[in-house]
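185 is the number of the first residue of the sequence shown in my numbering; add one for each residue after it.
The beta carbon of each residue, even a glycine, is placed where N, CA and C say it ideally should be.
Here is the structure we will look at.
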Amino acid sequence: MENILQIAEQNQQKARNIIRDTRLIEIWQSIGAEPQLVGSLKTGLLMKHRDIDFHIYSAPLTVSDSFAAMTRLAENPGIVQIQYGNLLDTEEKCIEWHAYYRDSDKQLWQIDMIHILKGSAYDGYFEKMAERITAVLTPETREAILRLKYETPDTEKIIGVEYYQAVIRDGIRNYTDFTIWRKQHPVTGIVKWIP
185 MENILQIAEQ
195 NQQKARNIIR
205 DTRLIEIWQS
215 IGAEPQLVGS
225 LKTGLLMKHR
235 DIDFHIYSAP
245 LTVSDSFAAM
255 TRLAENPGIV
265 QIQYGNLLDT
275 EEKCIEWHAY
285 YRDSDKQLWQ
295 IDMIHILKGS
305 AYDGYFEKMA
315 ERITAVLTPE
325 TREAILRLKY
335 ETPDTEKIIG
345 VEYYQAVIRD
355 GIRNYTDFTI
365 WRKQHPVTGI
375 VKWIP
């Protein structure tokens, strides 16, 4: 287990270094936005899937401001690709950005930045989810989640909340049972679960 905990800690440190190197927080603040770390890095459950998640709040939220922030982020030589999605006309009221950062070890990291209209339906929701997951984690459930993430094949795409529900809510402790659990609990959209 020590090896898994070490890998998790090393990857979490690398992720924090990337946030500092890109100046992501300062860049979004420079347009008057409020960036909030969410997801597995926030909960201390980042394992081997190199993914950093931010929800960023603005009021008003304009496409031009969002592009201005991303233009500055793109100037960092580590950023090698950016994807854009406009969901402002949906319930989510957001602009999705996915930036890809190549670190000094030539590993590719995905940075998901969801730029959300302040006061809309999902304002603060995933921050609350991360806080609750962190609050209810025990050393045993943390170890179980990290092990399941470690044992997940790199080709498999699984969202973090699937692991958290399976382990925290339903007591799943091994990858075989987790595979069965996933078949019984298919994800069909945004998962609205808070422990």
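query, result
"My guess is that Y241 and E218 are in contact by the Cβ rule of under 8 Å, so how many angstroms apart are they, rounded?", "4 Å"
"Let's test the definition: count the other Cβ atoms within 10 Å of the Cβ of L292 and tell me whether it reaches 16, buried, or not, exposed.", "exposed"
"Within the continuous alpha helix (DSSP H) that includes D289, where are the two ends?", "It is not in any alpha helix (DSSP H) - D289 carries neither H nor E in the DSSP assignment."
"In angstroms with no decimal places, state the Cα-to-Cα distance between T363 and A252.", "42 Å"
"Whether or not the stretch 225-237 and the stretch 312-327 are in contact is what I'm after, with contact meaning three or more pairs of Cβ atoms, one per stretch, closer than 8 Å; do they touch?", "yes"
"Between P261 and Y284, what straight-line distance do the alpha-carbon atoms span, to the nearest angstrom?", "11 Å"
"Suppose the cutoff is 8 Å on Cβ atoms and the five residues either side in sequence are ignored; what does the same chain contact list for V345 look like?", "M313, V375 and W377"
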